[in-house]
Amino acid sequence: MMLYYASIILIGVAAFILANAFTSSEEVFKTSEKLDEVGKSNKKNVGAILQYSRPFFKRYVSPIVATFKNKHVFRQKYKKLLANAGLTEELTPDDFYAFKLFLILGFPILFVCVREAGTFYDWDLRLAPLMGIFGFFYPDIWIRGKIQQRQEDVISGMPFVVDMLALSVEAGLDFMAAMSKVIEKSPPNALVEELVVVLKDTKVGSSRAEALRGLAWRTNVIQMSSFCATLIAADSVGASIGPILKLLSNDIRQKRSSMIEKAAAKAATKILFPMMAFIIPSVFIVIASPIALDAMRSQ
28 MMLYYASIIL IGVAAFILAN AFTSSEEVFK TSEKLDEVGK SNKKNVGAIL
78 QYSRPFFKRY VSPIVATFKN KHVFRQKYKK LLANAGLTEE LTPDDFYAFK
128 LFLILGFPIL FVCVREAGTF YDWDLRLAPL MGIFGFFYPD IWIRGKIQQR
178 QEDVISGMPF VVDMLALSVE AGLDFMAAMS KVIEKSPPNA LVEELVVVLK
228 DTKVGSSRAE ALRGLAWRTN VIQMSSFCAT LIAADSVGAS IGPILKLLSN
278 DIRQKRSSMI EKAAAKAATK ILFPMMAFII PSVFIVIASP IALDAMRSQ
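To get the working numbering, take the position in the sequence shown, counting from 1, and add 27.
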């Protein structure tokens, strides 16, 4: 019974927050939202949970998070995670931690509302605290999935991009002009987005080496880190980049082929376990059943 009353209180708190969201300082919040969107030419698909909860936790929870004494700990951690996921324009580290805290309350409220609506009425109300725990860890699971997806996108786009860079440099363009041409001609993907950031960094005064180090840090991919380190080393000694890009292109293609071969070899091993667990017992039953029936009849 106490859980039932607690759920009613949670719903009341949610209703209060919703009421305040539409009545207090609406113009100020809209202005800040418009300022946040300046310079964002492409909106990323961040998911329904983040999309609909962001107005609330940015307004009410993020200011509280900014007052935490140990905020530098999670700021450093989530700054890198957000950069790896390509979400630095969508969320700050404070916003991400506020998102986690918001879902501690948001998931239980959602669970209770769905349960009371009759969809999952047979579910025990004692699951509500577990939903709060899951809500705190859900953003970490979600962002790590985003990071993995983005890293795979970067790796798959590297052969084409490096080939285009090599061809453009051999045609007489300098490295930054070649990068601009690659951005123009390449299909949209995570690697092209990162190259756009590299160009912006160099335009605002960063050196080529600093921009490439930033690229390696944001992507956090071994192949990209090796690529950037090679270019930085070549730039520091004044070596010609064209032949190096050609060698890097061949090396990346060979590594990608070896990765595909390793994945294919692992697939055979992974298929073995379902075969042993399901297919072989089924075949054994089909073969052994007639023999067993004949033996039973003969007795």
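The beta carbon of each residue, even a glycine, is placed where N, CA and C say it ideally should be.
Q. Helix, strand or coil: how does DSSP classify ASP201 here?
A. On the sequence shown, position 174 is the one that residue 201 refers to. Reduced to three states, the DSSP call for ASP201 is coil.
Q | Residue burial classification, MET191 (beta-carbon count within 10 angstroms, cutoff 16) | A | As a working note, residue 191 is residue 164 in the sequence shown. Answer is buried; the Cβ neighbour count reaches 16.
**Q.** Proximal residues to PHE101 (C-beta, below 7 Å), its chain only, five neighbours per side dropped
**A.** Stepping through the sequence shown from its first residue, residue 101 is reached at position 74. Cβ neighbours of PHE101 beyond the five flanking positions: PRO120 and TYR124.
Q) How about LEU272 and VAL196: do their beta carbons lie closer than 8 Å? A) Position 245 of the sequence shown, counted from the start, is the residue given in the question as residue 272. Position 169 of the sequence shown, counted from the start, is the residue given in the question as residue 196. In contact: LEU272 and VAL196 (Cβ atoms closer than 8 Å).
(Q) What does the Cβ neighbour count give for GLY23, buried or exposed, with the cut at 16 atoms within 10 Å? (A) Here the chain has residues from 28 to 326 only, and residue 23 is not among them.
Q) For PHE83, which of GLU221, LEU130, GLU116 and GLN178 has the nearest alpha-carbon? A) By 1-based counting over the sequence shown, the position of residue 83 is 56. Minimum Cα distance to PHE83 is reached at LEU130.
**Q.** Assigned secondary structure, PHE95 (DSSP; H/G/I helix, E/B strand, else coil)
**A.** Counting from one through the sequence shown, the residue named residue 95 turns up at place 68. PHE95 falls in the coil class under three-state DSSP.
Q | DSSP three-state assignment for ASN72, whether helix, strand or coil | A | Translated into positions along the sequence shown, residue 72 becomes position 45. Here ASN72 sits in coil by DSSP.
**Q.** Under 8 Å between C-beta atoms of VAL88 and LEU128
**A.** Here the question's residue 88 lines up with position 61 in the sequence shown. Here the question's residue 128 lines up with position 101 in the sequence shown. Yes, Cβ-Cβ distance for VAL88 and LEU128 is below 8 Å.
Q) Rounded to a whole number of angstroms, what is the C-alpha to C-alpha distance between GLY269 and SER207? A) In the sequence shown, the residue the question calls residue 269 occupies position 242. In the sequence shown, the residue the question calls residue 207 occupies position 180. Computed Cα separation, rounded: 16 Å.
**Q.** alpha helix (DSSP H) segments (min. 4 residues) lying fully within the region 93-176
**A.** When DSSP assignments are scanned along the region 93-176, the uninterrupted stretches of alpha helix (DSSP H) that are 4 or more residues long and fall wholly within it turn out to be 98-112 and 120-143.
Q | GLY232 - DSSP class collapsed to helix/strand/coil | A | For the purposes of this step, residue 232 is taken as residue 205 along the sequence shown, with counting starting at 1. Coil at GLY232, not helix or strand.
Q) Under the three-state reduction of DSSP, which class applies to ASN277: helix, strand or coil? A) Locating residue 277 in the sequence shown gives position 250, counting from the first residue. It is helical.
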